[in-house]
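K.L.:
My questions will all concern the structure given below.
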Amino acid sequence: MRIELRQLAANVLFDVPDAVHEEIITLIDAVASDPEAQVADLSAAFGEWCWLVYTAHGDVVEVLDVGCAR
């Protein structure tokens, strides 16, 4: 499984505190490792403080946006 980050998501990911960064990476890993979460439509995954919006295309999970409530 390949992960692609849109520039907006990458900018947020690298501009957050380490603890939040880890939560986002955990969400991305969870989506990439769960075939049922890899739907072709726009989808979202939520953690305790963070979320990500993504879509899947074959063997690629494209992360469109990430955010945190902290």
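Residue numbering for the sequence shown follows our numbering, starting at 0 and increasing by one per position.
Backbone N, C-alpha and C fix where the C-beta goes; we use that ideal spot for every residue, glycine too.
1) Should L4 go down as buried or exposed, given a rule of 16 or more other Cβ atoms within 10 Å for buried?
2) Which of helix, strand or coil does DSSP assign to E61?
3) Decide yes or no for the touch test of the stretch 17 to 25 against the stretch 38 to 48: beta carbon pairs closer than 8 angstroms, at least 3 of them.
4) Who are the Cβ neighbours of C67 in its own chain at under 7 angstroms, not counting the five residues just before and after it?
5) Is it buried or exposed for L12, if we count other Cβ within 10 angstroms and need 16 for buried?
P.N.:
In short:
1) buried
2) Reduced to three states, the DSSP call for E61 is strand.
3) yes
4) V15, V19, W48, C49
5) If you draw a 10 Å sphere on the C-beta of L12, you find 16 or more other C-beta atoms in it, and that means buried.
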